[in-house]
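Asker:
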């Protein structure tokens, strides 16, 4: 998974689930439950954050054995990766 210039490893299941996660993020923002549409992630390297769901920030899926700016393999994607409040 590549977001702008940052890459993360994802499973086939996570890749397949991405459209539903992105749609849910858009709906949450439209309904005012979230300030911006985004999908939370956490990697095995300790990186975490919010992937913006926005046409100007494309998310792509490619098979690249050695991607530049690799921040780890995704261990949680979606609401389960959100920080505890």
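In our numbering, the protein residues as written are 57 to 141.
All C-beta atoms in this analysis are idealised placements derived from N, C-alpha and C, irrespective of residue type, glycine included.
Relative to the C-alpha of residue 104, which candidate in 66, 72, 132, 88 has its C-alpha closest?
Answerer: It is 132 whose Cα lies nearest to the Cα of residue 104.
Asker: With which residues is residue 104 paired in a DSSP beta bridge?
Answerer: Paired residue(s): 98.
Asker: Closest to residue 93 by C-alpha separation, out of 118, 101, 109, 71, would be which residue?
Answerer: Selected option, being the one with the closest Cα: 109.
Asker: Around the Cβ of residue 117, are there at least 16 other Cβ atoms within 10 angstroms (buried) or fewer (exposed)?
Answerer: With fewer than 16 other Cβ atoms within 10 Å, it is exposed.
Asker: Could you check what DSSP says for residue 63 in three-state terms: helix, strand or coil?
Answerer: In this structure, residue 63 counts as strand in the three-state DSSP scheme.
Asker: Going by C-alpha distance, which of 137, 83, 107, 57 is nearest residue 72?
Answerer: Measuring from the Cα of residue 72, the nearest candidate turns out to be 57.
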